[in-house]
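Going down the list, the sequences are from chains A and B. In case it helps, this note's numbering puts the first sequence at residues 2 to 260. In case it helps, this note's numbering puts the second sequence at residues -14 to 208. Glycine included, C-beta positions come from ideal geometry on N, C-alpha and C.
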Amino acid sequence: MKTLVFGALETRISITSLLIASCLVFISIFFSYYQKLKLEKETIIGILRAIIQLILVGYVLNFIFGLKNPLFTTFLVFFMLFNAAFNAAKRGKGIRHGFSISFIAITTGTTITLSILVMAGAIKYEPYQIIPISGMIISNAMVAIGLSYRQLITNFENRREEIETKLALGADITISSIDIVRDSIKTGMIPTIDSMKTLGIVALPGTMTGLILAGVSPMESIKYQILVTFMILSTTAIATFIACYLGYKGFFNERKQLK
Amino acid sequence: MRRPILEILKFKDVFYVDNKKIVLENISLSIDCGDFISIIGSSGSGKSTFLKLCNNLISPSNGNITYKDKNILDYNPMKLRQEISYCFQTPYLFGDKVIDNISFPYFIRDKKLNIAEIRSLFNLFKIDNDFLQKHVKKLSGGEKQRISLIRSIIFKPEVLLLDEITSALDTNNCEIVEAIVKQLNENGITILWVTHNLEQSRKYANKILTIENGKLKYFEVIR
């Protein structure tokens, strides 16, 4: 990934350029004022928050990247995993042990994906590579799990008859809910698969855009984008699979009855 | 030597409470092997809950239920439900084709599909053999109910729980199902049949159980 760092140096944005570009914000404020949308205050607050937050993140990342301490990098990855699990569990209210399940699912998905990437030599266990990549895969897994949870809850509400019929015939809870679990995994994965299908057609994806803006050649940029696509797909698949297979059990009691 | 089991199911002071509402209250009764019991009572009186308690789709809130002299909660719920089969009022057929439903009982028992056995059951239920490949969405209500009943009895259960299975059937389908249920009982299967049809009850059952407002009102032996 060294080309990325050197490329970035070639296209530095000066403070003057940023100040001139800020007039774009005034266009938005002008339209709001002209059309009486009353969004001026919200726009100014929004833009100020964005600038402050980004400056802070910039300093924090600068500090972390400078540390080059694998333990601290791992700690930060776990901090992200914890927050992602917390958010996913919030979206899946009704899933028993939602936080623990989400944490196990996202952690497993992230660990497997990162291990393969590091072992393949695609990335190094350096903070400037591990942190942004972990952020990408963890957030995608979090969103996918949230979708799967919602589908799981809806299915267990709407398809009680189907499950109860199978249970009444003497089936185990896994056989009784396998179709529901599969449907929920699919729901979590479909957005990732759909976005893969439109990569480069509807919009240039984020990683590739960033690299091109930083001066990296498009052919080199697509390699990174392909890598990102692979890792998001694998983490999403592993995380939704684990989350659904652990999550469905909470809808039954120890007597294999629907709650 | 162990004494032969005469009472197949026994309820002792059984209560069932759902969301703080008492659905069944203080039910005590014994069901003998080979009984054909008709369960009657107004809608919402707790008849379906009573059936669900029999095969542990739900557990009693209080009291205990024994099956073959052993507490129902000491059984593996899957094995118990394979012996005490339940057929619902609205037949739910899953998958795409009839074969998906017929093969299900074999699948859960890890057994190979026995086509000869299925054919003989289809003949008994007056269903053509080519039905196996029919799409479930193309079946009539009567056909669905018959497939659902076949699915429940392929592995001859000890007890068959029937929840208003003829309520949505026409006279012809109703007569077919009634005749089969009668035959199953003659072959030794204990039948518990929830019905609104008093004439049907008197015609086939040897005992009639009346449940009103969650309480056992009558349990009469009629033959």
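(1) Give the single residue among Ile233(A), Arg50(A), Leu168(A) and Thr230(A) whose Cα lies nearest to the Cα of Asn61(B).
(2) Please confirm whether Val203(A) and Cys245(A) have their CB atoms less than 7 Å apart.
(3) Report the start-end ranges of each beta strand (DSSP E) in the segment 133 to 187 of chain A that is 3 residues or longer and not cut off at the edges.
(4) Closer than 7 Å between beta carbons: that is the criterion. Which residues of the segment 19 to 39 of chain B meet it against chain A?
(5) Determine the direct distance from the alpha carbon of Ile174(A) to that of Ile93(B), and round the result to whole angstroms.
(6) Could you check which residue in Ile30(A), Ile46(A) and Lys198(A) has the C-alpha nearest to that of Ile227(A)?
(7) Label Leu82(A) either buried or exposed according to how many other C-beta atoms from any shown protein chain fall within 10 Å of its C-beta, with 16 as the threshold for buried.
(8) Using a Cβ-Cβ distance under 7 Å, would Glu255(A) count as near chain B?
(9) Going by DSSP in three states, Asp115(B) sits in which element: helix, strand or coil?
(10) Given Ile12(B), which residues of its chain have a CB within under 6 Å of its CB, disregarding the five upstream and five downstream residues?
(11) Secondary structure at Glu143(B), three-state DSSP: helix, strand or coil?
(12) Anything in the segment 159 to 175 of chain A with a Cβ closer than 8 Å to a Cβ of chain B? List those residues in chain order, please.
(13) Look up Val58(A) in the DSSP assignment and say whether it is helix, strand or coil.
(14) So, does the CB of Leu117(B) fall closer than 7 Å to a CB anywhere in chain A?
(15) Give the straight-line distance between the Cα atoms of Thr208(A) and Thr188(A), rounded to the nearest whole angstrom.
(16) Tell me, please, whether the CB atom of Ile165(B) is closer than 7 Å to any CB atom in chain A?
(17) Under 8 Å Cβ-Cβ, which residues of chain A neighbour Phe73(B)?
(18) Span of the beta strand (DSSP E) holding Val2(B)?
(19) Closer than 7 Å by beta-carbon distance: list the chain A residues that pair up with Leu42(B), in chain order.
(20) Out of Lys119(B), Lys97(B), Ile132(B) and Leu124(B), state which residue places its alpha-carbon closest to the alpha-carbon of Asn108(B).
(21) Taking the alpha-carbon positions, what's the Ala145(A) to Ile134(A) distance?
(22) Within this structure, are the beta carbons of Val83(B) and Leu106(B) separated by less than 7 Å?
(23) If you draw a straight line from the alpha carbon of Glu127(A) to that of Thr114(A), how long is it in whole angstroms?
(24) So, is the C-beta of Ile161(B) closer than 7 Å to a C-beta in chain A?
(25) Does Leu208(B) have its Cβ less than 7 Å from a Cβ in chain A?
(26) Spatial neighbours of Ile131(A) within its chain, please: C-beta separation below 6 Å, excluding the five flanking residues on both sides.
(27) Quick one: list the residues of chain A neighbouring Tyr77(B), beta-carbon separation under 7 Å, in chain order.
(28) How many Å lie between Ile179(A) and Pro71(A) at the Cα?
(29) If you draw a straight line from the alpha carbon of Ser137(B) to that of Met190(A), how long is it in whole angstroms?
(30) If we require 3 or more residues per run, which beta strand (DSSP E) segments fall completely within the segment 48 to 119 of chain B?
Once the coordinates are examined:
(1) Leu168(A)
(2) no
(3) none
(4) none
(5) 11 Å
(6) Lys198(A)
(7) buried
(8) no
(9) helix
(10) Phe(-4), Val(-1) and Leu201
(11) coil
(12) Glu162, Glu163, Glu165, Thr166, Lys167, Leu168, Ala169, Leu170, Gly171, Ala172 and Asp173
(13) helix
(14) no
(15) 25 Å
(16) no
(17) Glu162, Glu165, Thr166 and Ala169
(18) Glu(-8) to Asp3
(19) Glu165, Leu168, Ala169 and Gln258
(20) Ile132(B)
(21) 17 Å
(22) no
(23) 15 Å
(24) no
(25) Residue 208(B) is actually Arg in this sequence, not Leu. Cβ-Cβ to chain A under 7 Å: no for Arg208(B).
(26) Thr74
(27) Glu162, Glu163 and Thr166
(28) 40 Å
(29) 36 Å
(30) 69 to 72
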